[in-house]
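>
Here is the structure:
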């Protein structure tokens, strides 16, 4: 029996992954030059398919990088001279903040408990903060931030750049590109792909900021700084030899999502999330970690496990379902369930049946 | 008819690539957690297999990164406060130098013409240079540097760190780890893999230097700085979610190379290189770009094409063989032929037959 992965990423792969991987091999795509016409067409197709699927405005640039973690580094290097401001309520929002520290910036933060979202207007964002960093979907705890809240904050701070981490909510999340200047995600979650590719989406305000920093003699990185990524993207290329296989497969999966319909993916996701939270709310053995509905992520569902996470994980694994342990300090007390387009309603019901 | 790629990377893929990719899928490797036991075993296996194949001393660390280009950035960020010194005779040695400039270091260089190697003792390396950067095999022009020359230089400068780019010569090149502190390569050349993974091999002197720079408040990068990579490697992990698929396949291909025997791979490579250069030396239509034997790369063979590169490339392509155009300024006047373990003697003979 093959396991079914309901982890939060890497997770269950797209059902057609094998077909797409072999198709790329058959077509010789893993041998082609990253400076040639065939690669340019492949690059163009994937960018165009991503823009269609995610409704990315034409004036935003799509860059391919190694991981979402690299995305944090690049955004901070290219958009911040001194100060970024971070909303922190979990491991990944903390990583964003700590990355700024590591890069010798002077970040500040507004914190919330791990099981809560933010009352955003309570945050005092310093006047000299250049970039506001938001983890729209906190993969470590399953807390989300709603787009209208981000938009309201943006309207209060029109002078600042806004960056959002949508690593574990893409393609489900509807990103309001009027309210954000850059966003990033990786492909091993909502796209059901092997890990090893990150996607960074930035507007011209970010590019201009990076050029300004560079002109001031500030280190904005080398091959993956925004001007270098933009220059290559203008030729339908990447600065380095990229993960061509992943760029190809991502295009194929985007096509399949477009064909199925993103609204239908969202409806499916909502249905599965509803089933999961309803179960947790009715089973004291597995209380939902996030108590308030507006903060509950639809794509990362976290349950407390008073009996410890290990026996729960084992019970599910014995039945062929792999779900995630809690993250970091919650390793032994939480389970995390991914809810992505590859995950079937029937399997969710089966999981709940096992847990019951 | 499927094309056979004799390009210099990405190039012809390993004959078992399809089998290994599907095996990884079957085993669920693209779904596993990068923080779990199974990933740790996979990581350990690939590192161990690489160390065996390439005869890497036990005290060197193996790090997985996104590309060789990233390797240049990381080495410069982590090993250089102000000054690196570069031997430059082609596009990739120039990229290494320019990466240092981009990172706001103050590099210096010793240059040689594109078709020549270096008379190393003629280079005046400044006393304050912290790192000497050498492109052991210049992929743009097919010029190599011999290890004993690097060793002799190192003995003259025992106070400096030495970094070598072995991107297009691994696994053929015998790296003298007494003479170098770090080296790097990518997998889409001598390993016949899809691009998207770089390998960085560093010793403790490099780690110590990066820690020293960090302690001084210098930006050494964030998630992929040497201390971060080392900390994760100590747990058989990577800082970010990595290209697990590529790490897995690399281990499998290393195993196959070990089984076949690296010495046999080297003998095969020498034989194919001899055939190619003998042909070029006897055919004025395709003179070898590099005239002197000691400078001639065995893995990247470059020919001048007085008739222009386009008709030559077409003639070969019409017969199912894809070779590389010249790099950069040599695009229209050179062809470049890769000579890697996947390339068969019989196909080399066929190529020469077509060219004749």
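Chains as they are written, first to last, in my numbering: chain A, 1 to 356; chain B, 1001 to 1356. Glycine included, every Cβ here is placed at the ideal spot set by N, Cα and C. Since the model is a prediction, treat every value here as computed from it, not as a measurement.
1) Got a sec, what are the start and stop residues for the beta strand (DSSP E) residue 1300 (chain B) sits in?
2) Verify the CB distance criterion: does residue 1017 (chain B) have a CB-CB separation below 8 Å to chain A?
3) Give the DSSP-derived three-state secondary structure of residue 35 (chain A) in the structure shown.
4) Name the residues in the segment 1122-1139 of chain B whose C-beta lies less than 8 Å from a C-beta of chain A; which are they?
5) Would you list, in chain order, the members of the segment 1077-1094 of chain B that have their beta-carbon closer than 8 Å to a beta-carbon of chain A?
6) Nearest to residue 34 (chain A) by CA position, among A:268, A:290 and A:239, is which residue?
7) Can you name, in chain order, every residue of its own chain whose Cβ lies under 8 Å from the Cβ of residue 1265 (chain B), other than the five neighbours on each side?
8) Report the option in B:1347, B:1081, B:1252 and B:1324 whose CA atom is closest to the CA atom of residue 1024 (chain B).
9) Beta carbons nearer than 7 Å to chain B: which residues of the segment 179-211 of chain A have them?
10) Would you say residue 1387 (chain B) lies against chain A (beta-carbon separation less than 8 Å)?
11) Nearest CA to the CA of residue 1158 (chain B): which residue from B:1132, B:1146, B:1141 and B:1138?
12) Look at the Cβ atom of residue 15 (chain A), then the Cβ atom of residue 1244 (chain B), and state whether they are nearer than 8 Å.
13) Any residues in the segment 235-251 of chain A with a beta carbon nearer than 8 Å to a beta carbon of chain B? Which ones, in chain order?
14) Once you ignore the five residues that flank residue 1029 (chain B) on each side, which residues in its own chain have a CB closer than 6 Å to its CB?
15) Any idea if residue 26 (chain A) is buried or exposed, counting beta-carbon neighbours within 10 angstroms, 16 or more meaning buried?
16) Just mark residue 58 (chain A) as buried or exposed, buried being the case when its beta carbon has 16 or more other beta carbons within 10 Å.
17) Can you list the residues of chain A that residue 1305 (chain B) reaches, using a CB-CB cut of under 7 Å?
18) Examine chain B for any beta-carbon lying closer than 8 Å to the beta-carbon of residue 311 (chain A), and answer yes or no.
19) Among the residues of its own chain, which have a CB less than 6 Å from the CB of residue 1038 (chain B), if the five just before and after it don't count?
20) Could you tell me how far apart the beta carbons of residue 1136 (chain B) and residue 1186 (chain B) are, in whole angstroms, since I believe they sit closer than 8 Å?
21) Return yes when the Cβ of residue 120 (chain A) is within less than 8 Å of the Cβ of residue 161 (chain A), no when it is not.
22) Identify every residue that forms a DSSP beta bridge with residue 186 (chain A).
23) Could you give the uninterrupted runs of the beta strand (DSSP E) lying entirely in the segment 1197-1249 of chain B, keeping only those of 3 residues or more?
24) Check whether the segment 212-231 of chain A touches the segment 82-98 of chain A, counting contact only when three or more Cβ pairs, one atom from each stretch, lie closer than 8 Å.
25) What did DSSP end up calling residue 178 (chain A) once you bin it into helix, strand or coil?
26) Step through the CB atoms of chain A and report whether any lies within less than 8 Å of the CB of residue 1030 (chain B).
27) Near residue 1298 (chain B), what residues of its chain come up, given a Cβ to Cβ distance below 7 Å and the 5 sequence neighbours on each side ignored?
28) Does the Cβ of residue 1217 (chain B) have 16 or more other Cβ atoms within 10 Å, making it buried, or fewer, making it exposed?
29) When we look at the beta-carbon of residue 1175 (chain B) and count the other beta-carbons within 10 Å, is it buried (16 or more) or exposed?
30) Which residues mark the beginning and the end of the alpha helix (DSSP H) in which residue 1326 (chain B) is found?
31) Applying a beta-carbon distance threshold of less than 7 Å, which residues of chain B neighbour residue 171 (chain A)?
32) Interface residues of chain A around residue 1213 (chain B) at Cβ under 9 Å?
33) To the nearest angstrom, how far is the alpha carbon of residue 1201 (chain B) from that of residue 184 (chain A)?
34) What residue from A:323, A:301 and A:300 has the CA that sits closest to residue 311 (chain A)'s CA?
35) Who are the neighbours of residue 223 (chain A) on chain B, taking C-beta pairs under 9 Å?
36) Can you tell me which of the three DSSP states residue 92 (chain A) falls into?
Reading it off the structure:
1) Translated into the one-based positions of the second chain, residue 1300 (chain B) becomes position 300. Annotation: the continuous beta strand (DSSP E) that includes residue 1300 (chain B) extends over 1300-1304.
2) As a first step, residue 1017 (chain B) is located in the second chain; it is residue number 17 there, counting from the start. When Cβ-Cβ separations below 8 Å define contact, residue 1017 (chain B) makes contact with chain A.
3) In the first chain, residue 35 (chain A) corresponds to position 35, counting from 1. Here residue 35 (chain A) sits in coil by DSSP.
4) From the segment 1122-1139 of chain B, no residue has a Cβ closer than 8 Å to chain A.
5) Within the segment 1077-1094 of chain B, no residue has its Cβ closer than 8 Å to any Cβ of chain A.
6) Taking the first residue of the first chain as 1, we reach residue 34 (chain A) at position 34. The shortest C-alpha separation from residue 34 (chain A) is found at A:239.
7) On the second chain, position 265 is the one that residue 1265 (chain B) refers to. These residues qualify, in order along the chain: 1171, 1172, 1257 and 1341.
8) The count along the second chain starts at 1 and reaches residue 1024 (chain B) at position 24. Among B:1347, B:1081, B:1252 and B:1324, the Cα nearest to that of residue 1024 (chain B) belongs to B:1252.
9) Residues of the segment 179-211 of chain A with a C-beta less than 7 Å from any C-beta of chain B: 186, 188, 194, 195 and 196, listed in chain order.
10) Nothing about residue 1387 (chain B) can be reported from this structure: the residues present for chain B run from 1001 to 1356 only.
11) Residue 1158 (chain B) sits at position 158 when you count from the first residue of the second chain. Minimum Cα distance to residue 1158 (chain B) is reached at B:1132.
12) For this step, residue 15 (chain A) is matched to residue 15 along the first chain. For this step, residue 1244 (chain B) is matched to residue 244 along the second chain. A distance of 8 Å or more separates the beta carbons of residue 15 (chain A) and residue 1244 (chain B).
13) Going along the segment 235-251 of chain A in chain order, one finds 239, 240, 241, 242, 243, 244, 245 and 246 with a Cβ nearer than 8 Å to chain B.
14) Counting from 1 along the second chain, the entry for residue 1029 (chain B) is found at position 29. Cβ neighbours of residue 1029 (chain B) beyond the five flanking positions: 1248.
15) In the first chain, the residue the question calls residue 26 (chain A) occupies position 26. Around the beta-carbon of residue 26 (chain A), fewer than 16 other beta-carbon atoms lie within 10 Å, marking it exposed.
16) Indexing the first chain from 1 puts residue 58 (chain A) at position 58. With a threshold of 16 other beta carbon atoms within 10 Å, residue 58 (chain A) falls short and is exposed.
17) Numbered from its first residue, the second chain carries residue 1305 (chain B) at position 305. Within 7 Å Cβ-Cβ: nothing; residue 1305 (chain B) doesn't reach chain A, min ~17 Å.
18) As a position in the first chain, residue 311 (chain A) is number 311, starting the count at 1. No, residue 311 (chain A) lies away from the interface with chain B (no Cβ there is under 8 Å from its Cβ).
19) The sequence position of residue 1038 (chain B) within the second chain is 38, counting from 1. The answer, listed in chain order, is 1032.
20) In the second chain, counting from the first residue as 1, residue 1136 (chain B) sits at position 136. In the second chain, counting from the first residue as 1, residue 1186 (chain B) sits at position 186. About 14 Å; that fails the 8 Å criterion.
21) For the purposes of this step, residue 161 (chain A) is taken as the residue at position 161 of the first chain. For the purposes of this step, residue 120 (chain A) is taken as the residue at position 120 of the first chain. The answer is no: Cβ separation not under 8 Å.
22) The residue given as residue 186 (chain A) occupies position 186 in the first chain. Answer is A:198, bridged to residue 186 (chain A).
23) Those beta strand (DSSP E) runs which fall completely within the segment 1197-1249 of chain B and span 3+ residues are 1198-1202.
24) The segment 212-231 of chain A makes no contact with the segment 82-98 of chain A: fewer than 3 CB pairs, one atom from each, lie closer than 8 Å.
25) Translated into the one-based positions of the first chain, residue 178 (chain A) becomes position 178. Secondary structure of residue 178 (chain A) (DSSP, three-state): coil.
26) On the second chain, residue 1030 (chain B) is found 30 positions in, with the first residue counted as 1. For residue 1030 (chain B), the answer is yes, since a Cβ of chain A falls inside 8 Å of its Cβ.
27) Within the second chain, the letter at position 298 stands for residue 1298 (chain B). These residues qualify, in order along the chain: 1172, 1269, 1270, 1273 and 1339.
28) Taking the second chain and counting its residues from 1, one reaches residue 1217 (chain B) at position 217. With fewer than 16 other beta carbons inside 10 angstroms of its own, residue 1217 (chain B) counts as exposed.
29) Your numbering for residue 1175 (chain B) matches position 175 in the second chain. Label assigned to residue 1175 (chain B): buried.
30) Taking the second chain and counting its residues from 1, the one referred to as residue 1326 (chain B) is at position 326. Looking at the DSSP string, residue 1326 (chain B) is not in any alpha helix (DSSP H), and its letter there is neither H nor E.
31) Here the question's residue 171 (chain A) lines up with position 171 in the first chain. None at all; the shortest Cβ gap to chain B is about 18 Å.
32) Here residue 1213 (chain B) refers to the residue found at position 213 of the second chain. Close partners of residue 1213 (chain B) in chain A (Cβ separation under 9 Å) are lacking, with about 11 Å as the shortest Cβ gap.
33) The residue given as residue 1201 (chain B) occupies position 201 in the second chain. The residue given as residue 184 (chain A) occupies position 184 in the first chain. Near 29 Å, if we compare the C-alpha coordinates of residue 184 (chain A) and residue 1201 (chain B).
34) In the first chain, the residue the question calls residue 311 (chain A) occupies position 311. Of A:323, A:301 and A:300, the residue nearest in Cα terms is A:323.
35) As a working note, residue 223 (chain A) is residue 223 in the first chain. What residue 223 (chain A) touches in chain B, judged by beta-carbon distance under 9 Å, is 1067, 1069, 1070, 1072, 1073, 1095, 1099 and 1102, going in chain order.
36) For this step, residue 92 (chain A) is matched to residue 92 along the first chain. In the structure shown, the three-state DSSP call for residue 92 (chain A) is helix.
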